[in-house]
Structure formats: structure tokens, C-alpha cells
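Here the structure is laid out as C-alpha cells; the discussion comes afterwards.
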Amino acid sequence: MALGKRVLIVGGGGREHALAWALDKSPLVETIFCVPGNPGIAQIGTCLEVDGGVAELAEWAEEKEIDLTVVGPEAYLSLGIADEFQRRGLRLFGPTNAAAALETSKVFAKEFMTRHRIPTASYQVFSHYEEALDYVRKEEFPLVIKADGLAAGKGVTVAGELAEAEEALHDIMVEGVFGEAGSTVVIESFLEGEEASVLAFCDGENFVTMPAARDHKRAYDGDQGPNTGGMGAYCPTSIITASMQEKVEEQILAPALKGMAKEGRPYVGVLYAGLMITKAGPQVVEFNCRFGDPETQVILPRLQSDFYTILAKTVAGELEGMELEWDPRLALCVILASGGYPGDYQVGYPIEGLEAAAAMEDVIIFHAGTTRRGGQIATDGGRVLGITALGDDLAGAARRSYEACDLVRFENCYFRKDIGRREEGIHR
Ligand code: AMP
Ligand code: GLY
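Each residue of the sequence shown is one higher than the one before, counting from 29 in our numbering.
Structure follows, in C-alpha cells:
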């Protein structure tokens with residue numbers, strides 16, 4: 029009999045806990061390692077620090093005879109972790125540095141979409157502050173201003189008026205608040221519609237789409253306040269009907285995959301299309317080269333097919349004809365954050381009530397910014413926990429998730445009270 033598989037997960041947030049949770053369910057998987065992991069992941073695998081960069085990680089994986097490595101955060105992908113593992117003949121789930129350009133360079137992504145006629149907002153690229161300023165002074169508002177490079181999700185300003193656009197350009201191009209990432213900006217037209225995240229497993233040639241999820245990016249109820257990494261999500265969303273999904277596959281995913289292969293950057297991993305569903309059809313707001321967070325915390329709890337097999341087939345280029353099974357129930361996740369996030373916040377507060385919440389039926393607690401201090405779990409980041417619940421409908425999933433949220437307590441805990449409510453509005 030073949031030995032059980034040894035997997036390594038890179039990252040330590042709620043998304044990586046969800047990846048570990050789904051892999052732990054696979055009968056094929058024997059051992060889960062996570063670098064650096066978190067106390068939630070430590071309940072199902074071994075969390076450890078590996079000093080150094082991608083070369084040291086690859087060396088470690090080789091030594092430990094890891095069968096498959098799965099990468100969460102984009103930063104590692106942009107450092108070429110997939111290239112390094114490939115060079116050593118190690119199996120890694122995630123795109124090469126060249127393929128990750130779909131996320132790591134907004135200019136590349138926009139020009140790529142133009143070349144392959146993938147629907148997206150019209151745009152202009154600027155490397156000189158004065159020229160960008162001249163342009164926004166002549167345009168109508170709202171306008172969207174984006175730093176070219178990775179900016180930890182903070183590089184986008186939706187400017188409702190000229191003064192906001194001028195301030196954003198000054199911050200990015202003169203003050204250099206995002207460093208090199210802001211030496212070039214994309215200025216694009218504002219898209220009106222409903223947002224959804226469609227993620228697909230891609231093996232370089234074929235793709236298999238996951239059910240669409242909806243993120244809640246703004247910090248406060250009613251989609252107010254600053255952008256965050258995501259304050260909650262649910263899956264599926266009725267915004268992506270079966271016929272809309274077909275459009276997304278035909279107009280976006282298929283040409284993207286074909287285009288990347290043709291340009292010598294075959295795309296292997298998860299391609300995440302951040303979409304605006306407009307009157308004119310689906311438009312790409314952004315591509316990400318990885319699993320979404322918190323989307324993964326609502327997608328994977330619904331997956332009934334074997335997760336290890338999907339990842340292994342993706343890496344092997346064997347996705348053709350693959351069909352995935354999904355739990356018909358809905359999943360909804362509420363993020364418990366440290367008060368003040370995405371701005372300044374305090375950490376180190378003990379967390380109470382985790383066992384009681386985790387004991388609830390159809391509730392899963394995913395750890396993100398937590399740490400272990402002696403025998404106690406304490407807060408250690410902006411997004412602290414993701415509380416996912418399954419339900420027969422969205423209201424049921426929301427009720428259960430919020431019941432679990434009420435059992436968990438830590439000082440300065442903040443969470444949105446309206447996850448999923450907008451969707452209920454769409455139904456009405
Ligand atoms: P991004 O980091 O590119 O996903 O942008 C962050 C958020 O800004 C998105 O989730 C949208 O809500 C908003 N956004 C970005 N681009 C546009 C656009 N062209 N039109 C409208 N909203 C946008
Ligand atoms: N939830 C947004 C992201 O993962 O980028």
C-alpha cells in the first residue's frame with residue numbers, strides 16, 4: 029500500500045487554516061506541515077518556522093520528503109517559490125513568478141486583458157506624476173487609481189472627486205507610500221454593479237471553476253469605511269447564476285488560461301477573478317494568483333470531493349474532465365477582528381469561548397491572527413478568527429455563524445453585523 033502523503037502549507041492565516049482543514053479530511057493525506065502556521069493549524073498539523081527564503085523552504089521540503097506544497101500568500105509566489113521548487117523537481121501548487129504577474133503587476137494584467145479581449149474597465153497607465161495629474165483633471169468622476177505593484181490590498185482608491193484623486197496620486201507617486209509598487213499607476217474607469225469572486229483550479233490548459241463567493245471588503249456595516257482584507261464572505265452567491273458562470277468561463281477564464289499559455293506563462297494554481305457584474309456582463313476588477321481570504325473559508329467547507337486529489341491533478345496537468353462535488357448548503361463566514369483594524373490595533377488579548385463555539389453543529393472556527401501564550405490562545409493580528417457556519421439558506425447560515433460569534437470573546441473584538449444581508453436584499 030502506498031504511504032500517506034506529506035503536505036506543506038505555506039502561510040499562517042485563515043485561508044491557510046481552511047486549506048489545512050480540507051487537506052486533513054483527505055484519506056490520502058497523512059502529515060500536514062505548515063510554515064509558519066497558527067494555533068488553529070497546530071491542532072491538525074505541525075507548525076514550524078523555517079529561516080530564510082524560498083531556497084531554504086525548498087531545501088526543507090526536499091529533506092522532509094514533502095509530496096506536495098501549497099502556497100497561500102501572493103508574496104511567496106512573487107518571490108518565485110514555484111520556480112525554485114520546479115527547478116528541484118518538487119511538486120508545488122501555485123503559479124510561477126511569470127504567471128503570478130496577473131496579480132503582481134496591474135499594468136501587466138490590464139495589458140494582458142486588452143490583448144486577449146477579456147472584459148475589464150478602460151484604463152490608462154502613467155509613470156509620471158504630472159501626466160497622471162493632467163489626465164485626472166480632464167476626466168469625469170468617479171475614477172479608480174491603482175498602484176501597479178503589490179500593496180497588501182491597499183493600493184486602490186475609488187476617487188469620487190478630483191481632490192481625492194489628486195491626493196491618491198500624490199501619496200503613491202510623490203510620497204511613495206507603496207515604495208516601488210507605486211512608481212507606475214493605472215487609472216481606470218469606475219464599474220457599476222455587484223461584486224463576486226470566482227476562483228478556478230487551473231492546470232496550465234484546463235480549468236475547473238469553484239462556486240462563486242462574495243467577499244465584504246469594507247470595514248463597517250453597509251459597505252462603509254476603509255477597504256480591508258475582507259470582513260466576511262459567503263458561498264454560493266446568487267449574483268453568479270448558471271448562465272453568468274458560463275459567461276465568466278467563456279469570456280474570462282478560458283481566454284485568460286489560453287492567453288497565458290500562448291505567452292509562455294502557463295498558469296498552474298488557483299486563478300481568482302475579482303469580478304464586477306455590470307449591465308454589460310462580467311468585467312474583471314482584478315486577478316489574484318491564489319486562494320482568496322476569506323473566500324476560501326466558505327468555499328472549502330462546501331467541497332465534498334477529495335481536496336488532495338484536486339491539487340495533485342492540477343499540478344500534474346490532469347484536470348481535463350474533472351467534476352467536483354459540492355455540499356448543496358450555503359456557507360457564511362464572519363471575521364472577528366481586532367478593534368481598529370485595518371488601522372492601528374492592539375494585540376495580546378486572551379480569547380475565551382473558542383471550545384464552546386467550535387462544538388456547535390456545522391460551525392468551523394478558522395484561526396488567522398492568533399497566538400498561543402502558555403495554555404491560552406490570544407489575539408495576534410488584525411483579522412483574528414473566521415467563524416464559518418453551514419445552513420440550508422443564507423439566513424440560517426448567518427444565524428448560526430453569529431450565534432457562534434457571540435460565544436467568542438476578547439477585548440476590543442469587532443465584527444460586521446451584516447454579512448450576507450445585501451444578498452438577502454437581492455433576493456427580495
Ligand atoms: P482591488 O484591490 O483591485 O480588488 O480593488 C479593491 C476594491 O476597489 C474592489 O474590490 C472594488 O470594490 C473597488 N474597485 C477596484 N476597481 C474598480 C473599478 N474599476 N470600478 C469600481 N470599483 C472598483
Ligand atoms: N478577499 C480578497 C482577497 O483574497 O484578495
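Positions of the beta carbon are idealized from the N, C-alpha and C atoms, including for glycine. All of these numbers come straight from a predicted model, not from anything done at the bench.
Go to Q273, then tell me how far its alpha helix (DSSP H) extends in each direction, as first and last residue. 270-276
Out of R437, V296, A423, point me to the one whose CA is closest to R450's CA. A423
Go ahead and pull the three-state DSSP assignment for I393. strand
Would you say the beta carbon of M304 comes nearer than 7 Å to a heavy atom of the ligand AMP? yes
Just list the residues that DSSP pairs M304 with in beta bridges. E223, Q311
Residues near D52 by beta carbon distance below 8 Å, same chain, minus five either side: I60, I72, G73
So what's V98 in DSSP terms, helix, strand or just coil? strand
I'd like to know if the segment 418-438 and the segment 379-387 are in contact, where contact means that at least 3 CB-CB pairs between them fall below 8 Å. yes
Secondary structure at S217, three-state DSSP: helix, strand or coil? strand
Please classify F169: is it buried, with 16 or more other beta-carbons within 10 angstroms of its beta-carbon, or exposed? exposed
Is the CB-CB distance between K445 and D249 below 8 Å? yes
Identify, in the order they occur along the chain, each residue of the same chain with its Cβ nearer than 6 Å to the Cβ of G40, setting aside the five sequence neighbours on each side. P64, G65, N66
Can you give the beta carbon distance from A425 to A417, rounded, assuming they're within the 8 Å contact cut? 5 Å
Just checking, does the segment 122-130 make contact with the segment 95-108 on the three C-beta pairs under 8 Å criterion? yes
Any contact between the segment 192-200 and the segment 173-183? By contact I mean 3 or more CB pairs, one from each, below 8 Å. yes
Can you say whether P356 is buried or exposed, counting buried as having 16 or more other CB atoms within 10 angstroms of its CB? exposed
Grab me the residues of V35's own chain with a C-beta within less than 8 Å of its C-beta, minus the 5 sequence neighbours each way, in chain order. L51, V57, T59, I60, F61, I94, D95, L96, T97, V98, Y336
Helix or strand or just coil, what does DSSP make of K33? strand
State yes or no: is the C-beta of E323 within less than 8 Å of the C-beta of D243? yes
Does DSSP put P64 in a helix, a strand or coil? strand
Run the CB neighbour count on E346, radius 10 Å, all protein chains shown included, and call it buried at 16 or more, exposed below. exposed
Quick check on this structure: which residue in I109, V375, V38 has the alpha carbon closest to the alpha carbon of R401? V375
If I'm right that L47 touches A149 with Cβ under 8 Å, what's the distance once you round it to whole angstroms? Not a contact, Cβ separation roughly 31 Å.
Report the option in M238, E222, D421, N234 whose CA atom is closest to the CA atom of A228. M238
Beta carbon of E481: closer than 7 Å to some heavy atom of the ligand AMP? It is not possible to answer for residue 481, since the shown part of the chain is limited to 29 through 456.
Which ranges would you report for the beta strand (DSSP E) in the segment 89-148 if only whole runs of at least 3 residues count? 96-99
List the DSSP bridge partners of V298. F229
Top-ranked residue by Cα proximity to I447, from L197, D231, A261: A261
Can you tell me the Cα-Cα spacing of F136 and R143, whole angstroms? 10 Å
Close-in-space but distant-in-sequence residues of the same chain around L178 (CB under 8 Å, 5 per side omitted): E102, A103, S106, E131, T132, A209
Taking C-beta to C-beta, are R119 and A86 nearer than 8 Å? no
Please determine whether the Cβ atom of P239 lies at a distance below 7 Å from any heavy atom of the ligand GLY. no
Just the C-alpha distance for H455 and P123, rounded to the nearest angstrom, thanks. Note on H455: pLDDT 47, under 50, position unreliable in the model; no value is reported.
What is the DSSP secondary structure of P254, counted as helix, strand or coil? strand
Can you grab the Cα-Cα spacing for the pair Y151 / G183, in whole Å? 16 Å
The ligand AMP heavy atom lying under 7 Å from the CB of S225: no
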